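Everything on this sheet refers to the single structure shown next.
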Amino acid sequence: MAIRYRLFSRLDPTGSTLTMPNHIVPSEFFSILPFDDFKDESGKQSSIVTIFSIWNTMMGTSLLAMPWALEQAGLGWGLFLMLTMAFIAVYTAYRVIESPNDLTVNGSAVAEFSDVCRYYWGKWGEMIAVVFSLVVLLGGVIVYWVLMSNFLFFTGNLVYGNSFPLIHPNQHLYFRSPSAKQHNSSGHGKQNFHLRR
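First residue of the sequence shown? That's 343 in my numbering, and the numbers climb one at a time after it.
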């Protein structure tokens with residue numbers, strides 16, 4: 343909905359001709375953030391907002407993986423590794439924000455990080471930056487896969503354990519042959535089948 347609001351407000355920013363009608367989203371259900379308050383006099387977004395956007399992107403899957411990582415590493419090593427990774431993330435975000443300063447690509451266009459890598463390291467630098475940006479997305483997918491597979495495994499065990507409470511994995515089942523009743527007088531002919539599940 344915020345995208346529609348921005349579209350309507352950009353089409354006619356000064357007048358009320360293209361205001362968002364109430365049938366799209368009633369005003370009592372939709373609060374508009376003052377996007378212009380986040381910008382300075384030159385029209386640029388403040389660095390605090392940029393830092394929080396990058397932080398939000400980096401922390402998206404990390405927040406889901408933290409409990410699992412602490413369980414695997416232990417409390418001491420887990421806290422040490424989290425603080426180390428937080429420092430690396432802050433330093434990386436600072437370098438990414440500061441790298442395009444005084445660098446313009448194609449006149450007035452704002453340089454992206456891959457453009458900065460191409461400027462400093464050539465075509466290979468740009469390709470490496472793009473590959474690592476895809477690796478970050480792949481890492482997020484792997485984190486979701488690990489978390490969901492663990493969740494579904496334990497959920498499946500719980501459902502299976504509650505659905506079949508009579509037969510457990512280490513339980514022995516004994517079956518008696520029907521022909522054992524015919525030779526019952528001396529005990530010869532008694533046949534037991536032992537199945538281990």
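Quick reminder that beta carbons are idealized off the backbone N, C-alpha and C, glycines included.
From a predicted model like this one, the values you see are computed outputs, not experimental measurements.
Can you give the Cα-Cα distance for residue i and residue j, rounded to whole angstroms?
i, j, result
"Trp-466", "Ser-505", "57 Å"
"Gly-418", "Ala-411", "12 Å"
"Glu-440", "Phe-429", "16 Å"
"Tyr-486", "Phe-394", "22 Å"
"Cys-459", "Leu-425", "27 Å"
"Ala-461", "Ile-470", "The sequence given here places Tyr at residue 461; Ala does not occur at that position. Computed Cα separation, rounded: 13 Å."
"Tyr-502", "Glu-413", "25 Å"
Measure the Cβ-Cβ separation of residue i and residue j and say whether it is below 8 Å.
i, j, result
"Leu-423", "Ala-415", "yes"
"Ala-407", "Leu-500", "no"
"Val-472", "Ser-491", "no"
"Ala-453", "Pro-442", "yes"
Sorry if obvious, but does the Cβ on residue i come closer than 7 Å to a heavy atom of the ligand MG?
i, result
"Leu-405", "No copy of the ligand MG occurs in the structure displayed, which carries no ligand at all."
Kindly indicate the opening and closing residues of the alpha helix (DSSP H) around residue i.
i, result
"Gly-464", "455 to 505"
"Gly-305", "Residue 305 is absent from the structure shown; the chain starts at 343 and stops at 539."
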